[in-house]
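Numbering (this note's numbering), first residue to last: 447 to 577. By construction, the Cβ of each residue, glycine as well, lies at the ideal position given by its N, Cα and C atoms. In this text, all values refer to a predicted model and were calculated from it rather than measured experimentally.
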């Protein structure tokens, strides 16, 4: 599978986003010693997953699923913004420290793997040009 073929990459990218948001939720639940990490992670993650899904649609991320801009940034900000709005609407905790932790953590996760993919793609293209 070519890294430059967005039509083939949108599914693994969407799965990576889903898994990384779940990891964020699981780490948070574990850090706060809340029981039932697996089911609890889904309960914590669903607003962020919904936000990411909405952002996938708004940014048309399937066109360039590994692009940091606009796909990655849009998905990151969408996950946090919509996630916090949904948490507030469902009487879940929304406090400034949590918003900041979510911004930083999801930024590192959702943008981080896209930056790594971009670096790998760039290195691969350089090798192909030399060959």
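Query raised in the report: Around the C-beta of residue 482, are 16 or more other C-beta atoms found within 10 angstroms, so that it is buried, or is it exposed?
Result: exposed
Query raised in the report: Just to confirm, are residue 520 and residue 499 a CB contact at a threshold of 9 angstroms?
Result: no
Query raised in the report: What separation, rounded to the nearest whole angstrom, lies between the Cα atoms of residue 577 and residue 565?
Result: 19 angstroms
Query raised in the report: At a cut of 8 angstroms, does the segment 510 to 519 reach the segment 532 to 545 through at least three beta carbon pairs?
Result: no
Query raised in the report: I think residue 518 touches residue 464, with their Cβ atoms under 8 angstroms apart; what is that distance to the nearest whole Å?
Result: Contact doesn't hold; Cβ gap of about 14 angstroms is too wide.
**Report entry** Distance between beta carbons of residue 524 and residue 495, contact taken as under 8 angstroms
**Finding:** The Cβ separation is near 11 angstroms, so there is no contact.
Query raised in the report: Would you report the Cα separation of residue 559 and residue 485, rounded to the nearest angstrom?
Result: 25 angstroms
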